[in-house]
Structures are given as structure tokens and as C-alpha cells.
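One structure below.
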Amino acid sequence: MPDHAPHLSPDEFRVLGHRMVDFVADYMGSVSMWPVKSQDNPGDVLTRLPESPPEVGLGASESPADAWGEVFDDLTRIILPGLTHWQHPAFFGYFPCNASGPAILGELLSAGLGVQGMLWQTSPACTELEMRMLDWMAEAFGLPACFRSDARDNGPDAPPTGGGVIQGSASEATLVALIAARQRWRRLQHERVRAHENNTGEIGLAVEAVGRQFAVICSEGAHSSVIKAAMMAGIAEGPDDDERVWQIATDSRGRMDIAHLRSVLEERAADPARPTPIACVATVGTTGVGAVDNIAEIAAVLRGSNIWLHIDAAWAGSAMVCPEYRAMIASIERADSVCINPHKWLLTNFDCDLFWTRSRHDLTDAMSITPEYLRNEASESGTVTDYRDWQLPLGRRFRSLKLWFVLRHYGLDGLRAHIREGVRLAEMVERFVKYDDRFELVVPRSLSLVCFRVVGPDDLTTRVIDRVNATGKAFLSHATWPGPGGAPRPIARLAIGGTHTREEHVRAVWILIQQATDELR
């Protein structure tokens, strides 16, 4: 029985660290040799793993650095075959999940520093680097000044009103946006009571409004996380609760139908027996077909309603580093919050969701709780940002390091080049589809996403996708889109944007699609 835990010495860690970096570099250089989609069956990885943990670890050996050879062998034998290789240049499913050398180094440093950045005082650099990165990215995307950390609606000496934070995902961002929306609605009703303290009728209306159930608005094409967030926030009772999640119909391109939005609001909001809409989630780049809701028209419909407008730009928002794509977010200054995921298309490893709000106090008032053990002079002064109040967990990692490294290595010019190349390759695929009568474009290409179907029976598209994926040479995913009569039918999604994807990989997957189609028709 050892007297102490067998920690790695700095020199032993250095040896293993070099070896692990070599392992990752070798993987990055050879990932195209692996089948894109794991060929494992359910339970295969479990059968390759011992059923019980080791009683004596490798650290107890005379040379732990040498003994760790077992771990590297097991990574190759157990783990890599069980991966779907998201960094494979022929991964075209879902949306990209970018990784890059600079971001990986940022993750390594974050783990090595071991920072827990819940409060400003627990690591000032963790907080202030994140603040600056969110301001940098707001500038890079062309976001209005109201979302910056130094935005002050009430004069230069007033507390800041805007700002941004790194969340784990767009799902988390949507949840905190709904929580902030609920907080603002309640605050406005309490202000209404105070403003009419001698008007019992007005007070009664405000009290009744606070006690009403709430509703969330989104399009039928919005991400499923909107419904999940409504459930977690206590707004919706389940995934099919259409009384509290108002799903607005979409138009022929998958965008929120503005006329339907207006009619739903007029019909439901006027009925005091119906739940009160407190938030609307508009999408810039839906997961299914990449549709972009019209923010300006949605904001115009919502004007004067006090409904919180959240913009989910998780995927397509990254394209806004290129000025030519910023028309997608026209009137975004009328939104209350917005999120964009650099881990999808801006070469920054998961997890990294950038969330901005113009109303930070509605968020922090809803999320802040301060037990005695967290009290400190800096927080009490009101001059610092404590990001624990901007998120669900208390603890938080030093995630801004990887974003800082990516920006310093690539610069905005490099990031723009990555986005534009993805769009160029998607334009090429769009031409392939248009000029081949075996296929049809379902909706116009959206940035680097092309959605199409194989002409013929509905199941033919699904079978072609399965045949391509079974080769291990590429990976596609599917969605559904209304066919004649409105019934949903399967479509293929080809999403480009991987770190290592080049034109030859796109041409190769198209040949695979053509071959699979010929074999199955």
C-alpha cells in the first residue's frame, strides 16, 4: 500500500506529453485512413474494455513513462475503431465540428493550468480574456455595440448593460436566454405595479400577468433544443406541448412564415386564458436545411410586445466574419441575445458557444445566488464580471484560451478564407446536383450546406445515404422536407466546412453518391 499517490513528475509528464502530442499529430495526419463512420456494433467497445478498474496503476511501476505504452496501445486498439471520425476530410454529416492545431494547444494549456474561473477573483485572467475575446468576436461578426462588454445604455458612468460569455453549446445559450426572458417579464410587471401603486385595476392586471403561464415562439424548423429549453425552464410540460411552445409554420425555403407569426400572436396573445409569450427564438441557419429567418420582419412583428428575441446563429453565424454574409443578420440590433458556435465552423474545438446579450442584468438577476463562501471584495465592489452568474453551473473552464490562440494564429483573414472555401466547395456541389437529372435540389444552397434528394421513390435517398456511409469513405446525414401534398420525405444533407476538407474530397464523395445511385436505381 503506497504512502502517497504516484503522481507523474514534471519530467515524466514532459515525456508523456511529447508522446501524446505525437499521437494526436499522427492521428491528424492519418485520419483519412480510417473509415469515417465507426464500423463497431453496439457493445464492441465494452467487450474490449476490462470489466473492473485496475487495483494498481501504471504510476506504481519503476518507469511510469514506459508503462504508459499500454495506454497508447489501447487508444489504437480500443478507442480509435469506436470513433466516428469528425475530423476526417470526408465527414459531411450534421454540421462540422472543427478542430485545429492552435485550438488543441489552447485546450492543452487550459487543462495544464487547471483554472476554475467561476469568479473574477478565482482567476482574473480567465474572466478578462473571455470578455475581450467576446468583444473581439462581436467586432469580427459586425455585431452592434449594444452587445459589447462596455455597452452602457444609461450613460458612461452607469453599469454596463451588454456583454458576452462562452457557453458550452447553443442549447445552453437558448436555455439561459429563456431564463432571462422570464426574469425580464416578471421585472416589467413588478415595475408596472410600482408605477401604478394607486391604481388597483392596473395592479391587478400586473399581478395577473405575473401569475400566468408562459409560452415560447419558434419556427417548425428551429432546433429541438428550443423545446428542450422550454421544458427545462418550466415553461413547457413536454416535447408535444404546443400550448406553451408555439411552432410557427415555415415558407417554401424553411424560414419562419411572418404572416403566420402575426396571425398566431393576434389570435393567442389576445386571449387571457392562453399562456403569455415571453420569448421568440429566430434561427440563422436551421439544422435541417440551413434556412435563415428574417430577423427584421420578426422584430417588427414583436415590436412593443416585450417578447425577448433570441437569435440562434449556431452554425451560419460563423460566416459573418465575411462582410458579404452579414445581410443575414440585418436588424440584429433589435434582438435581446444571440449565439454563435465557433466550434462548428471557425476552427475552434468543442465546446465553444459565444452568447451575447444586450440585457445582462436580466440574465444575472435570474442566475445569481451568493452564499457566504463565495463572497469577496471584488464581487461586492460591483466593478468586476463574475461569469458564474451568466451560466447554469458554478464552475467553468478556461475556454477562451483556445479562441485566443485560433485568432492569433489564423487572424480574421485566415478565418474568412476557411469560410469562403467551404462556400465555394458547396457551390460546386450545387452545380453537380443541378446538372445531373438523377438528383434534385430541395432548397437553394445555404452557405456551405447543400440539401438534395435522389429522383425516384422516397426511400431511394435514404438507401443511397446508407450505401455511401457503409463504404467508410464518406459520411452524410439526412433530414426531411415536405414533398407533394406536404408529407415529409427524406433528403440528403451535404455539409462542408471540415478543417481538412479539400476539393478532391468533395469530388470523391460526389462520385460515391453517383455510384450508389446507379447501383440502387
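Going by our numbering, the sequence shown opens with residue 75, and the numbers climb by one from there.
Ideal Cβ positions, reconstructed from N, Cα and C, are used throughout, including at glycine.
Return the residue from the list the options that minimises the CA-CA distance to residue i.
{"i": "R235", "options": "P531, D439, C292", "result": "Just to set this straight, residue 235 is Thr in the shown sequence, not Arg. It is D439 whose Cα lies nearest to the Cα of T235."}
{"i": "L90", "options": "E125, Y447, W108, D140", "result": "D140"}
{"i": "S298", "options": "E317, D386, S106", "result": "D386"}
{"i": "H574", "options": "I539, H162, V528, T444", "result": "H162"}
{"i": "P416", "options": "R595, L157, A582, G571", "result": "G571"}
{"i": "V61", "options": "G546, V375, S522", "result": "The requested residue 61 is not part of the displayed model; the chain covers only 75 to 595."}
{"i": "W142", "options": "T150, L132, E136", "result": "L132"}
{"i": "Q113", "options": "H552, T591, R581, A544", "result": "A544"}
{"i": "R490", "options": "C396, D224, G359, A244", "result": "C396"}
{"i": "A343", "options": "M192, N380, E202", "result": "N380"}
{"i": "P518", "options": "E504, R527, V358, R541", "result": "E504"}
{"i": "A289", "options": "L262, W320, E265, H264", "result": "W320"}
{"i": "V366", "options": "I309, F429, A296", "result": "A296"}
{"i": "V516", "options": "H552, M94, V98, L120", "result": "H552"}
{"i": "V412", "options": "N423, K547, L383", "result": "L383"}
{"i": "M402", "options": "A303, G229, C171, N368", "result": "N368"}
{"i": "A353", "options": "G359, R327, V300", "result": "V300"}
{"i": "D147", "options": "R266, R93, Q465", "result": "R93"}
{"i": "R377", "options": "T360, P346, A409", "result": "A409"}
{"i": "Q588", "options": "R541, T150, E125, P233", "result": "R541"}
{"i": "I152", "options": "G312, P124, P346", "result": "P124"}
{"i": "R336", "options": "T457, L203, V375, V355", "result": "V375"}
{"i": "T150", "options": "G191, I309, N228, V119", "result": "V119"}
{"i": "V95", "options": "A134, L183, P128", "result": "L183"}
{"i": "G456", "options": "L203, D345, A232, W430", "result": "A232"}
If I measure Cβ to Cβ from residue i and keep anything under 6 Å in the same chain, skipping five residues before and after, which residues do I get?
{"i": "G180", "result": "L475, K476, F479"}
{"i": "A569", "result": "F166, F169, L523"}
{"i": "V105", "result": "H159, Q161, H162"}
{"i": "V189", "result": "S197, C200, F472"}
{"i": "S293", "result": "I322, T324, M330"}
{"i": "L534", "result": "V528"}
{"i": "D427", "result": "Q241, S243, A244, A247, C413, N415"}
{"i": "Q287", "result": "P349"}
{"i": "R581", "result": "none"}
{"i": "L82", "result": "none"}
Got a sec? Which residues, its chain only, sit under 8 Å from residue i by beta carbon, not counting five neighbours each side?
{"i": "P556", "result": "P562, R563"}
{"i": "M30", "result": "Lying before the first or after the last residue shown, residue 30 is absent from the chain, which here runs from 75 to 595."}
{"i": "V338", "result": "I291, W320, I322"}
{"i": "V110", "result": "T158, H159, H162, A164, F165, N543, G546, K547, A548, F549"}
{"i": "A317", "result": "The displayed chain sequence assigns Glu, not Ala, to residue 317. The answer, listed in chain order, is A289, R348, P349."}
{"i": "I372", "result": "M330, I332, L335, C354, A356, L383"}
Looking only at its own chain, which residues have a Cβ that is under 7 Å from the Cβ of residue i, when we skip the five neighbours before and after it?
{"i": "H483", "result": "P176"}
{"i": "A393", "result": "Y399, I493, L521"}
{"i": "C220", "result": "G236, E407, R432"}
{"i": "V98", "result": "I178"}
{"i": "T591", "result": "R512, V528, V538"}
{"i": "F526", "result": "V507, F513, E514, L515, V516, I565, A566"}
{"i": "N450", "result": "L193, Q195"}
{"i": "W584", "result": "V503, F506"}
{"i": "S405", "result": "I369, A370, A373"}
Express the C-alpha separation of residue j and residue i in angstroms, rounding to a whole number.
{"i": "A370", "j": "E407", "result": "9 Å"}
{"i": "S433", "j": "D463", "result": "13 Å"}
{"i": "V529", "j": "F506", "result": "14 Å"}
{"i": "I322", "j": "E340", "result": "13 Å"}
{"i": "T444", "j": "E86", "result": "41 Å"}
{"i": "M502", "j": "L154", "result": "32 Å"}
{"i": "Q257", "j": "H579", "result": "48 Å"}
{"i": "Y101", "j": "W108", "result": "10 Å"}
{"i": "E246", "j": "D314", "result": "20 Å"}
{"i": "V145", "j": "D487", "result": "40 Å"}
{"i": "G103", "j": "E136", "result": "33 Å"}
{"i": "R122", "j": "V130", "result": "20 Å"}
{"i": "A303", "j": "A251", "result": "9 Å"}
{"i": "N172", "j": "F424", "result": "8 Å"}
{"i": "Q465", "j": "M441", "result": "7 Å"}
{"i": "E446", "j": "Y461", "result": "17 Å"}
For residue i and residue j, which I take to be in contact (beta-carbon distance under 8 Å), what is that distance rounded to the nearest angstrom?
{"i": "L594", "j": "R537", "result": "5 Å"}
{"i": "W259", "j": "T459", "result": "Actually they do not touch by this definition, with Cβ atoms about 24 Å apart."}
{"i": "G238", "j": "L208", "result": "3 Å"}
{"i": "L437", "j": "A254", "result": "4 Å"}
{"i": "P80", "j": "P138", "result": "7 Å"}
{"i": "R470", "j": "G186", "result": "In fact, because the Cβ distance is near 17 Å, the residues do not count as touching under 8 Å."}
{"i": "W210", "j": "L481", "result": "6 Å"}
{"i": "T361", "j": "G328", "result": "The Cβ separation is near 10 Å, so there is no contact."}
Determine, using beta-carbon pairs with one atom in the segment 212-226 and one in the segment 495-502, whether at least three such pairs fall under 8 Å. no
Answer yes if the segment 384-402 comes into contact with the segment 411-426, meaning at least three C-beta pairs across the two stretches below 8 Å, and no otherwise. yes
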